[in-house]
Structure formats: C-alpha cells, structure tokens
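S.K.: The structure is given below, and queries will be raised subsequently.
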Amino acid sequence: MSDKIYVLDASAFIGGFYSKKVSNFTTSDVILEIKDIKSKLFLQSAIEDGFIEIREPDPQDLRKVEEVIMSSGDILRLSEVDKRIVALALTLKKDNFDPIVVTDDYSIQNVLKIMKISYKSILTPGIKALVGWIKVCKGCKQKYPSDSSLEECEICGSPVFRKRIKVNKKMNKNR
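Residue numbers for the sequence shown follow the numbering used here, so the first one is 32 and each next one is one higher.
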C-alpha cells in the first residue's frame with residue numbers, strides 16, 4: 032500500500048493548511064506565488080520546521096499533463112504553476128505515493144479528476160461535475176475545438192467565445 036501525502040497549491044498556504052502527520056510537497060514556483068505576509072510567514076515556518084518538502088515534477092509528467100489539458104480544454108485556464116503542481120502529483124504517484132492535491136482551483140480539480148488523482152479543497156466546496164471546454168461562435172453557433180486561437184468565426188465573422196460543457200452529470204467528490 033502506498034503512503035498518503037499532500038501536494039500543496041498556493042491556496043493551501045493561504046488557507047493555513049499543511050499536515051503534521053503525513054509528508055507535504057510543493058514546487059518552488061508555488062512558493063514564489065505566495066504574496067501576502069501572513070501566508071509567507073506560515074509557509075516559511077513550515078519549511079523551517081521540516082513539514083514541507085520542495086520538489087519539482089519529472090519533465091515527462093509535465094508533458095502528460097499538457098496532453099490531458101489540451102484534450103479537456105483546460106489549457107487556457109491553467110498557469111504554468113498549476114500544471115507543475117498537477118505534474119508533481121503525477122510524479123509522486125509514479126513513485127508509489129498516494130498524493131492528495133490540496134487546492135481550491137476548480138480547473139486543477141477538473142484535471143485531477145480526469146487523471147484519477149485525489150484532491151481536497153480548503154476554502155471552497157470544490158467541483159461538483161467534470162467539465163470540458165469548447166469555443167462557439169456567438170452568431171451562427173459554429174463549434175470549434177477548445178484550443179482554437181480563432182477570435183472571429185470563419186463562417187460569419189462573429190466573435191468566438193469559450194463555453195463550458197458538462198462531461199458527466201454527477202461525480203463523487205475527490206475521486
């Protein structure tokens with residue numbers, strides 16, 4: 032059986048979360064994301080006390096995350112830092128850990144759900160349904176792939192916008 036661990040996004044530190052019972056991991060770029068003084072002090076103290084380990088994801092896991100978010104349409108919603116957190120969870124899962132990503136970011140949760148990696152919310156209720164994204168013409172309703180760079184419809188010239196689509200009706204929280 033693999034060991035349970037936490038992979039912490041910036042929202043974990045902002046929400047004052049880390050575990051003293053199991054290992055906690057984050058990436059160096061998450062640390063750079065923390066701006067408010069209270070969260071910075073909380074994070075620094077946890078690192079100094081040995082409760083948080085900074086680790087980077089394997090490059091092949093980052094590529095796998097890129098593939099998943101391209102197909103799900105979350106590519107436009109996730110920052111590089113977000114992708115690295117998901118990739119770190121994947122790296123740790125391959126290292127025979129049971130990662131739980133602590134994040135309030137709904138797009139990260141959506142990708143984690145697709146990748147069958149557990150997550151935990153701190154300040155929000157978390158996602159209720161798995162979603163995908165498409166682009167749709169405002170005028171003629173022509174549909175385009177979520178990663179399309181078009182801003183105007185090829186058919187009628189109207190603006191193209193992103194639209195969320197449900198992938199399934201219900202899901203169990205955290206898996």
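The beta-carbon is built from N, C-alpha and C at its ideal position, and this holds for glycine as well.
Computed from a predicted structure; not experimentally measured.
Can you find the residues in the same chain that come closer than 6 Å, C-beta to C-beta, to leucine 39, ignoring five residues on each side of it along the sequence?
M.R.: Counting only Cβ-Cβ distances below 6 Å, and skipping sequence neighbours, we find Asn55, Thr57 and Val133.
S.K.: List in chain order: all unbroken beta strand (DSSP E) runs of 3+ residues lying wholly within the stretch 54–89.
M.R.: Entirely contained in the stretch 54–89, the beta strand (DSSP E) runs reaching 3 residues are, in chain order, 55–57 and 83–85.
S.K.: Taking the straight line between their C-alpha atoms, what separation do you get for lysine 51 and lysine 166?
M.R.: Distance between the alpha carbons of lysine 51 and lysine 166 is about 44 Å.
S.K.: Report buried or exposed for arginine 108, applying the criterion of at least 16 other Cβ atoms within 10 angstroms of its Cβ.
M.R.: Buried, since its Cβ has 16 or more Cβ neighbours within 10 Å.
S.K.: How many Å lie between glycine 170 and arginine 193 at the Cα?
M.R.: When rounded, the distance between both Cα atoms is 13 Å.
S.K.: Going by C-alpha to C-alpha distance, which of Met146, Glu98, Gly104 and Lys69 sits closest to isoleucine 196?
M.R.: That would be Gly104, whose Cα lies nearest to the Cα of isoleucine 196.
S.K.: Under 8 Å, do alanine 120 and leucine 93 count as touching if we go by C-beta distance?
M.R.: Not in contact: alanine 120 and leucine 93 (Cβ atoms no closer than 8 Å).
S.K.: When you compare each of Pro90, Phe48, Glu182 and Val99 to serine 76 by their alpha carbons, which one comes out closest?
M.R.: Taking only the C-alpha atoms, the option nearest serine 76 is Phe48.
S.K.: Taking its Cβ as the centre, do 16 or more other Cβ atoms sit within 10 Å of glutamine 91, making it buried, or is it exposed?
M.R.: Glutamine 91 should be labelled exposed.
S.K.: Buried or exposed for leucine 130, going by 16 or more other Cβ atoms inside 10 Å?
M.R.: Note on identity: in this sequence residue 130 is proline, with leucine being the wrong assignment. So proline 130 ends up on the buried side.
S.K.: Per the DSSP calculation, arginine 195 is bridged to which residue(s)?
M.R.: Trp164, per the DSSP bridge assignment.
S.K.: Which stretch, first to last residue, makes up the alpha helix (DSSP H) that contains isoleucine 116?
M.R.: Run containing isoleucine 116: 111–125, per the alpha helix (DSSP H) assignment.
S.K.: If you compare alpha carbons, which of Ser152, Lys35 and Ile65 is closest to aspartate 136?
M.R.: Ranking Ser152, Lys35 and Ile65 by Cα distance to aspartate 136 puts Ser152 first.
S.K.: Report back the beta-carbon spacing between isoleucine 106 and isoleucine 139 to the nearest angstrom; my notes put them in contact at under 8 Å.
M.R.: Wrong, their Cβ atoms sit about 13 Å apart, outside the cutoff.
S.K.: So who's on the other strand from aspartate 34, going by DSSP bridges?
M.R.: In DSSP, aspartate 34 forms a bridge with Phe128.
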